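Only one structure is covered here, and it is reproduced in the block below.
Number of protein chains: 4
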Amino acid sequence: MNLEFQNFSSLPKYAFQNRYNEFEELKNQEPEAGAYPFDKMEEECGIFGLVSDENTDTFSLSQFGLFALQHRGQEACGITVGNDGKMYSIKDEGLVLDVFKTIENPETFMGNCVIGHTRYTTAGDKKKYNYQPFFAKNEYDQIILSIAHNGNLTNAKQLKKELEEEGVVFRATSDSEVILRLIQKNLDLGLRGAIKATMEKIEGAYSVVGVTRNKFFAFRDFNGIRPLVLGAIDEKTFVVASESCALDGVGAQYVRDILPGEIVYTSDNEEGLQSYLVKENCTNRICSFEYIYFARPDSMLEGINVHEVREKSGMKIWEQAPVEADVVIGVPDSGVPAAIGFAKASGIPFRPVLIKNRYIGRSFIIPSQEMREHYVNLKLNPIVSEIKDKRVVIIDDSIVRGTTSKRLVKILKKAGVKEIHFRSVSPPIIAPCFLGIDTPTKDDLISANMTKDELRDYLEVDSLEFLSVPNLQDILGSKNHCFGCFTEKYPVEKPVEEDLFQ
Amino acid sequence: MNLEFQNFSSLPKYAFQNRYNEFEELKNQEPEAGAYPFDKMEEECGIFGLVSDENTDTFSLSQFGLFALQHRGQEACGITVGNDGKMYSIKDEGLVLDVFKTIENPETFMGNCVIGHTRYTTAGDKKKYNYQPFFAKNEYDQIILSIAHNGNLTNAKQLKKELEEEGVVFRATSDSEVILRLIQKNLDLGLRGAIKATMEKIEGAYSVVGVTRNKFFAFRDFNGIRPLVLGAIDEKTFVVASESCALDGVGAQYVRDILPGEIVYTSDNEEGLQSYLVKENCTNRICSFEYIYFARPDSMLEGINVHEVREKSGMKIWEQAPVEADVVIGVPDSGVPAAIGFAKASGIPFRPVLIKNRYIGRSFIIPSQEMREHYVNLKLNPIVSEIKDKRVVIIDDSIVRGTTSKRLVKILKKAGVKEIHFRSVSPPIIAPCFLGIDTPTKDDLISANMTKDELRDYLEVDSLEFLSVPNLQDILGSKNHCFGCFTEKYPVEKPVEEDLFQ
Amino acid sequence: MNLEFQNFSSLPKYAFQNRYNEFEELKNQEPEAGAYPFDKMEEECGIFGLVSDENTDTFSLSQFGLFALQHRGQEACGITVGNDGKMYSIKDEGLVLDVFKTIENPETFMGNCVIGHTRYTTAGDKKKYNYQPFFAKNEYDQIILSIAHNGNLTNAKQLKKELEEEGVVFRATSDSEVILRLIQKNLDLGLRGAIKATMEKIEGAYSVVGVTRNKFFAFRDFNGIRPLVLGAIDEKTFVVASESCALDGVGAQYVRDILPGEIVYTSDNEEGLQSYLVKENCTNRICSFEYIYFARPDSMLEGINVHEVREKSGMKIWEQAPVEADVVIGVPDSGVPAAIGFAKASGIPFRPVLIKNRYIGRSFIIPSQEMREHYVNLKLNPIVSEIKDKRVVIIDDSIVRGTTSKRLVKILKKAGVKEIHFRSVSPPIIAPCFLGIDTPTKDDLISANMTKDELRDYLEVDSLEFLSVPNLQDILGSKNHCFGCFTEKYPVEKPVEEDLFQ
Amino acid sequence: MNLEFQNFSSLPKYAFQNRYNEFEELKNQEPEAGAYPFDKMEEECGIFGLVSDENTDTFSLSQFGLFALQHRGQEACGITVGNDGKMYSIKDEGLVLDVFKTIENPETFMGNCVIGHTRYTTAGDKKKYNYQPFFAKNEYDQIILSIAHNGNLTNAKQLKKELEEEGVVFRATSDSEVILRLIQKNLDLGLRGAIKATMEKIEGAYSVVGVTRNKFFAFRDFNGIRPLVLGAIDEKTFVVASESCALDGVGAQYVRDILPGEIVYTSDNEEGLQSYLVKENCTNRICSFEYIYFARPDSMLEGINVHEVREKSGMKIWEQAPVEADVVIGVPDSGVPAAIGFAKASGIPFRPVLIKNRYIGRSFIIPSQEMREHYVNLKLNPIVSEIKDKRVVIIDDSIVRGTTSKRLVKILKKAGVKEIHFRSVSPPIIAPCFLGIDTPTKDDLISANMTKDELRDYLEVDSLEFLSVPNLQDILGSKNHCFGCFTEKYPVEKPVEEDLFQ
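Structure below.
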């Protein structure tokens with residue numbers, strides 16, 4: 001990595017010192033293992049792009065679009081805008097509204113095309129130079145190309161090695177930069193040609209939006225693993241985003257999902273947004289976990305509403321494993337629609353009695369060991385009177401490590417419930433994802449290590465059931481989607497360990 | 001060493017300059033009218049106190065307690081701790097977890113008593129020196145007394161004037177400092193005597209927790225307008241907090257609510273927590289709006305669970321004003337329990353189809369005028385398929401300015417609903433609060449300016465109903481509570497305008 | 001409003017974090033032994049005070065006065081001003097012009113009296129809370145008394161212990177705070193009475209200026225060890241300062257030196273500046289090293305011009321130890337006047353050929369060991385052509401550790417001089433000072449450990465002479481001055497080691 | 001100007017905000033006319049370069065070299081180093097020791113070649129992006145070429161326009177960037193070829209040092225207007241610097257001055273430092289003002305010692321204009337050697353009685369108008385006893401605007417001198433410099449607007465004399481040097497006003 005000191009001089013000295021500390025820190029920075037010890041798979045990234053044929057308020061629209069995708073990543077965000085033939089980029093740690101608030105010259109970010117990214121770390125360590133959008137510059141330090149990527153390449157390491165041998169210099173440690181550098185390297189094939197050449201090289205899951213000085217583009221891998229939808233505000237203003245809720249956020253109409261293997265792009269020669277299929281007739285193998293957990297309930301993915309999938313999963317698991325009980329409760333937020341579906345199908349009343357504290361985000365500082373015990377009820381607190389001495393069905397979207405479920409059971413027991421019937425509306429998670437979801441390794445996946453009965457005993461519940469894979473396929477209306485974490489069969493060849501960019 | 005550095009010189013120079021700027025800024029600072037233009041009454045403050053007879057982890061416990069009260073104020077927070085005869089205080093802008101995270105010497109804040117405060121501005125302008133806890137110092141710059149206050153005094157201005165004529169120096173502009181200075185001034189009456197003398201002077205709504213170097217105290221006004229509950233972790237460790245959810249947060253058992261006119265305190269002579277009634281047999285006139293909107297659903301206030309009140313209010317308004325409809329929806333979060341109650345009573349299915357973006361908090365920066373129009377669906381987005389062409393009952397906890405309701409109706413219409421039946425599960429708000437709730441003035445209260453029919457037409461809904469005051473009293477089981485914002489009759493004499501500390 | 005914010009909360013969060021770090025740092029801070037490894041005794045502190053009977057620009061005048069005293073201390077500076085019955089104080093690390101530049105509200109510092117301090121650490125470690133002026137506050141956090149001190153108490157430790165047993169709280173670790181707290185404690189004796197009581201308690205060297213809310217004062221120890229002069233701008237505006245150059249700096253006329261044992265002060269009852277002798281007929285025993293090294297050449301101390309003393313010392317040492325040579329050079333800056341005197345007396349031409357780099361101040365960062373060798377000529381570089389093959393008399397004001405002299409000889413030899421005749425115009429320094437000068441301990445004083453001949457050989461010079469004590473007394477016209485560092489006989493009893501406040 | 005935001009993300013948020021403010025500020029920044037209202041021509045820039053055939057401590061050596069050149073510029077400084085095929089650059093506002101102190105990874109700056117720059121603004125406004133060294137990068141954001149320049153081009157504006165028409169992007173507003181971009185553009189001619197092509201294009205005064213990834217170079221304009229000397233530490237380590245005092249600073253032997261029109265450089269094919277004359281037999285026309293005022297007295301320029309020139313000028317003006325007087329004094333620092341020369345020639349004794357405050361650097365903040373009067377004696381204070389009632393010859397190096405001289409006379413009169421005989425040891429300055437010295441315009445040059453007699457009356461002195469041009473030429477041994485400011489005849493054609501890069 002090259003030190004980039006030329007801008008230091010424009011900083012007040014104290015900022016300068018901070019930056020230096022930063023640098024020193026970065027040099028020694030190791031991936032902070034366990035810094036964010038979630039016992040649940042966490043959100044992946046969200047991407048957003050917009051192109052118009054005239055200058056528009058790309059500042060506000062990208063803010064709205066990324067805000068609507070905030071659930072897909074809260075660590076950092078950024079945008080690159082093309083404004084009158086020049087490109088500007090800004091990115092920083094923080095929530096969308098926080099980062100945009102620091103921009104004091106919004107007019108600089110109002111142009112005719114924009115891409116944005118909201119980030120949760122999946123590949124590449126948590127180093128700050130890995131924030132997106134990535135960009136390439138010319139010899140005069142001007143940005144000429146920028147992309148934002150959601151997904152995970154499976155051959156990034158190999159490609160990076162090849163490129164470096166050709167003299168290409170990398171400035172970050174994320175697989176996404178491989179995509180940037182490949183396009184940059186192939187720009188003499190024309191923009192569409194460069195993207196095509198890139199797609200023919202990279203493997204894995206990728207939904208990408210990008211801009212050059214005067215063009216916009218977006219493309220999706222041949223399996224369509226990560227979502228990417230297309231909308232339009234008017235006949236000249238197009239939007240591409242990870243989920244349709246971002247289209248709602250900018251007042252755009254949903255047009256269709258970008259196809260697996262498709263490039264959409266603007267060009268000098270033709271008006272409007274062009275489409276090009278790098279490969280015809282690809283099968284859509286979108287990640288099923290998007291429906292179960294990641295996507296927002298008001299989003300449509302591949303024409304199917306997420307909320308509806310969740311409600312149906314609750315109905316279906318009642319059919320699959322009925323039980324006598326007094327009350328149904330859901331683990332907020334993603335377990336609630338399923339609980340309502342379960343109640344509807346079973347006639348057992350739904351009670352919204354697990355109260356989630358909304359001010360989570362930062363971790364607690366707990367200096368004394370004994371206090372860690374008190375931690376249990378802080379995020380979820382039950383309304384005791386509604387469940388005391390009752391037979392309770394508790395619905396969660398999934399069971400990953402098992403620790404959250406265990407804690408939940410403890411909370412319910414403390415509240416005096418009579419019976420606990422645990423229902424997961426996804427099948428047992430038995431294998432890690434290497435296509436863009438931050439699943440733990442097999443060792444930490446409890447269903448990869450315990451049978452259902454063992455897990456029931458471990459959780460100390462009266463019954464435990466998982467939605468079956470066929471039932472999930474039935475709800476989604478497809479056996480082609482990626483169910484890799486439940487079946488260990490993936491649409492992409494599983495990479496040798498060392499080729500993963502991690 | 002005391003944490004309260006008197007020296008500017010101990011700051012790095014740039015901090016110093018910032019501080020100076022700060023000073024300059026403060027000098028010229030006017031209350032930022034409309035800086036946070038909510039169209040809804042917002043949360044008031046939360047207070048928390050804990051005392052033990054030995055050193056405990058007051059750092060963690062106050063963090064947990066304040067975190068559980070975060071919904072009562074997100075602007076700033078702080079704690080004062082008594083540790084081995086010395087007192088330390090820290091307070092800053094930000095959420096509880098953010099502020100505690102900046103504390104690098106947690107051990108300093110581990111002692112035998114602590115008070116904390118989480119703040120939403122009600123009285124006193126938004127100047128930073130108004131953050132709580134307030135404290136008084138001796139001539140050696142050591143803290144000797146500290147309090148945190150929830151509520152609003154109605155004669156603070158007059159009292160401040162009197163005290164200043166006696167030579168007392170005020171350092172902030174909040175009514176809460178009047179309480180501090182009165183106790184400080186009367187300390188030669190003994191602690192209990194000083195509190196009693198203070199309570200006999202101040203008027204209005206006040207729940208207060210406080211500490212001196214070796215004692216803890218809490219007291220509540222003669223009407224018990226703001227809530228204050230007592231709990232115990234063990235027989236020697238007592239907790240006082242605004243709501244019982246904070247007791248859950250620290251693993252304490254609920255004991256009872258502090259009585260109107262009661263002082264609880266520790267003393268040198270007696271073991272444990274003492275109680276003293278400044279006036280006997282006061283009637284409890286707790287704010288009814290706490291149940292409707294402020295308090296967390298899992299809290300118990302005066303023995304009544306908040307969630308239950310809300311669910312009953314939904315059932316009751318169905319009885320009061322039934323309607324034919326296809327679906328019931330609630331405005332998240334506080335309208336949802338009522339919607340579920342309404343569904344239960346009416347048999348019309350409840351659908352959780354208004355999706356709230358959880359990353360609100362900062363305001364949007366919207367440079368271009370036209371973009372402000374796009375703003376509508378960003379906070380609440382409906383699942384269109386669930387309500388399109390349906391007759392919808394929409395339940396909200398209250399209607400204050402009417403702008404939120406208006407926007408909501410617009411969202412529903414855009415989603416294609418057939419009919420809209422709006423139900424507010426509180427009576428019309430016709431008068432401002434001057435006892436601790438940040439209600440707008442009468443001019444901005446839409447129900448003070450429109451009849452129900454006018455409002456129905458303004459909102460463009462098919463029907464509109466408010467829960468009646470008698471029905472609300474029925475649910476709460478009391479006609480004595482404060483219903484001032486619905487009736488303009490208050491438990492405390494309405495102050496002349498200029499005497500309000502604003 | 002008082003400038004002394006008690007609230008952390010009024011700082012932007014990052015400042016706050018810095019402050020906290022600061023605090024943590026301070027807690028663990030050890031005196032940084034050898035952080036400023038001078039091989040020369042360094043300047044002590046400078047103090048300045050001004051009082052007028054009406055509001056004047058105390059901001060500018062104290063800036064000018066302290067700027068003229070900058071040579072007495074460059075680590076930090078500060079002022080306390082009385083402005084319309086209120087007191088404001090500011091102090092920070094840095095040079096006078098730097099610190100004053102950061103003050104954004106100069107009008108706050110314009111009043112009728114001011115004291116200031118420019119600091120080089122002598123007693124108390126280098127912790128930042130030891131910056132002066134010191135001040136005491138009342139219970140409302142308002143400053144009521146402030147002092148600035150030059151000198152060193154010899155019984156501070158004992159006094160501090162006594163005061164703490166009486167309940168007095170100290171906030172710093174400097175002997176100067178003992179003076180502050182003693183006056184504060186005795187304020188009920190009236191201001192003059194409190195100062196008198198303080199002077200009767202403290203022992204050692206002290207020149208002090210101070211202010212209360214409406215009064216000004218200054219006093220000097222019974223031996224007058226540290227200088228203190230009185231001047232007047234007009235008949236109502238008086239100035240007290242360490243040296244007369246500060247009077248010149250503010251356009252004041254020199255009146256006289258403050259007497260040993262004298263208090264000058266303003267009072268409510270009498271107009272103008274009052275004088276009071278705590279003890280009559282004290283002998284003036286001012287530090288002789290002030291003339292030799294510390295004071296500015298344009299200053300008058302006790303009626304004698306410093307430059308003149310230095311020039312005479314050069315003439316005298318020629319008489320005392322004549323030598324044949326081709327050229328006389330002086331070590332800048334304090335050796336130059338003596339060199340000119342030597343030239344005048346001897347007829348040997350003076351050449352200004354040692355060029356001093358004026359941008360010294362910060363230390364060099366030298367990562368590689370070998371480079372430390374190159375360090376020699378950076379501060380002093382000779383004009384080789386003027387001294388090559390010449391017999392050179394080199395005059396320095398003193399020889400302390402010997403390392404500077406050794407390095408100087410090396411520079412001269414490298415330049416090709418034929419002979420070196422070294423002359424120190426002070427006697428051999430054989431004993432440390434404990435009265436306000438930062439002399440090294442006896443172990444590091446080279447003349448306490450080597451005879452003149454040994455030192456001559458160590459320095460590798462052709463001859464070496466020191467001005468004799470009688471000759472120095474002759475020049476100063478007094479045998480009463482303090483010559484402790486040359487004779488080990490002090491005007492104050494030498495304290496037991498542990499009673500020194502270090 | 002292109003916004004360079006990619007690094008923002010690596011800053012803590014507050015730094016980020018500061019940077020933004022910075023950016024905003026820069027956008028609106030106008031040259032701060034009169035921000036530093038010197039009444040004297042100020043120092044120009046200093047440059048330094050070093051090359052070795054192996055890795056050496058270029059960090060320390062460039063620090064030492066620039067420190068020795070600090071008198072040539074105190075606003076900012078920076079270095080670019082070539083370390084193992086990679087290049088790193090750092091630059092910031094501040095003195096050399098301050099800026100180097102902030103570097104926390106000195107090892108990064110230890111390589112085989114380095115260039116450095118210490119800056120006083122001459123051309124280009126005071127914007128921070130104009131700090132040097134300048135550098136060019138490749139498309140991977142890596143530095144590939146860097147230069148530091150002392151002097152002033154006279155056709156920079158025209159060249160910049162031409163280059164921009166060819167598509168070259170400029171990132172700063174200094175004439176020095178034109179040199180960088182021309183070399184960069186011509187790199188396919190080889191390094192020497194590119195420099196030659198550049199020298200054939202640019203006109204004016206330029207001494208330049210530079211580095212590429214593996215080569216070092218330095219060159220000087222065809223008149224040799226700004227100084228540039230060559231030295232050697234050993235047979236493989238060469239140093240190039242503005243003045244020979246920097247050679248002393250790094251322990252290098254003076255070799256010779258770089259010739260007018262010469263390039264020295266390293267190459268892949270040959271060992272050691274190569275020399276190439278772009279034009280043969282150029283006449284050396286070095287700036288005579290370097291000897292009079294700019295250069296350090298211990299420097300040798302073109303084989304002549306600066307101190308010697310100054311002393312001779314004092315002797316010469318005695319010959320030219322003798323006077324009866326009691327005492328000779330010099331204005332520190334550059335007037336002192338001349339005063340000593342005058343004393344030597346005349347027999348009138350020299351007295352070092354003007355005491356200069358060494359802590360100047362920052363400007364005073366003087367809020368009240370009346371206080372500006374007091375300002376007089378702060379920088380220079382006389383020892384009154386030495387000059388009172390005396391006939392004084394006062395020697396200064398030059399008279400530029402006349403305000404300093406006027407103030408000086410005022411100081412002397414206040415001290416009671418009987419007669420003042422003013423001597424300037426440079427001729428009258430009648431024309432501005434456009435070749436690298438920050439002279440005021442003709443309107444502000446007092447000798448361009450007053451005859452000697454008028455000026456004598458204006459200054460209110462008893463006699464006034466300037467060293468004549470022939471006498472100066474005699475001392476310097478050359479009529480070829482640049483005497484433009486005294487004669488208005490320049491070695492370079494005077495540019496049309498608008499072509500100057502200002």
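Chains as they are written, first to last, in UniProt numbering: chain A, 1 to 502; chain B, 1 to 502; chain C, 1 to 502; chain D, 1 to 502.
The beta-carbon is built from N, C-alpha and C at its ideal position, and this holds for glycine as well.
None of these values were measured; they are calculated from a predicted model.
In chain A, which residues lie with their C-beta within 7 Å of the C-beta of residue 138 (chain D)?
On the fourth sequence, residue 138 (chain D) is found 138 positions in, with the first residue counted as 1. Chain A residues near residue 138 (chain D): 139.
Assuming the contact rule is C-beta atoms closer than 8 Å, residue 249 (chain A) and residue 59 (chain A) should be a hit. Round their C-beta distance to whole Å, please.
Indexing the first sequence from 1 puts residue 249 (chain A) at position 249. Indexing the first sequence from 1 puts residue 59 (chain A) at position 59. Rounded, the Cβ-Cβ distance is 14 Å, inconsistent with contact.
From the DSSP output, in three-state form, read off residue 391 (chain A) for me.
Residue mapping note: residue 391 (chain A) aligns to position 391 of the first sequence, counting from 1. In the structure shown, residue 391 (chain A) sits in a strand (DSSP, three-state: E or B).
Can you check whether the C-beta of residue 407 (chain A) is within less than 8 Å of a C-beta belonging to chain D?
The residue given as residue 407 (chain A) occupies position 407 in the first sequence. With 8 Å as the cut-off, residue 407 (chain A) does not count as an interface residue toward chain D.
Let me confirm a value: residue 477 (chain A) is counted as buried when at least 16 other C-beta atoms fall within 10 Å, else exposed. Which label applies?
Within the first sequence, the letter at position 477 stands for residue 477 (chain A). Exposed, because fewer than 16 other Cβ atoms sit within 10 Å of the Cβ of residue 477 (chain A).
Note down, in chain order, all residues in the stretch 291-325 of chain D with a beta-carbon under 8 Å from any beta-carbon belonging to chain G.
Within the model displayed, chain G is absent; protein chains A, B, C and D are what it includes.
Chain A beta carbons: is any one of them nearer than 8 Å to that of residue 169 (chain D)?
For the purposes of this step, residue 169 (chain D) is taken as the residue at position 169 of the fourth sequence. It does: the Cβ of residue 169 (chain D) has a partner Cβ on chain A nearer than 8 Å.
Can you tell me which of the three DSSP states residue 150 (chain B) falls into?
The residue you call residue 150 (chain B) lines up with position 150 of the second sequence. Reduced to three states, the DSSP call for residue 150 (chain B) is strand.
Which residues does DSSP list as the beta-bridge partners of residue 274 (chain B)?
Within the second sequence, numbered from 1, the residue matching residue 274 (chain B) stands at position 274. Partner(s): B:265.
Starting from residue 315 (chain D), trace the alpha helix (DSSP H) in both directions and tell me its first and last residue.
One-based indexing of the fourth sequence puts residue 315 (chain D) at position 315. Run containing residue 315 (chain D): 306-320, per the alpha helix (DSSP H) assignment.
Taking the alpha carbon of residue 466 (chain C) as the reference point, which residue from C:426, C:445, C:490 has its own alpha carbon closest?
If you number the third sequence from 1, residue 466 (chain C) lands on position 466. The option with the nearest alpha carbon to residue 466 (chain C) is C:426.
Strictly by DSSP, which residues pair up with residue 482 (chain B)?
On the second sequence, position 482 is the one that residue 482 (chain B) refers to. B:287.
Per the DSSP calculation, residue 250 (chain A) is bridged to which residue(s)?
In the first sequence, counting from the first residue as 1, residue 250 (chain A) sits at position 250. Residue 250 (chain A) is not bridged to any residue.
In whole angstroms, give me the CA-to-CA distance for residue 423 (chain B) and residue 482 (chain B).
Here residue 423 (chain B) refers to the residue found at position 423 when the second sequence is read from its first residue. Here residue 482 (chain B) refers to the residue found at position 482 when the second sequence is read from its first residue. Those two C-alpha atoms are separated by around 22 Å.
Pick helix, strand or coil for residue 381 (chain A), following the three-state DSSP scheme.
To locate residue 381 (chain A), count along the first sequence from 1; it is residue 381. Correct three-state label for residue 381 (chain A): strand.
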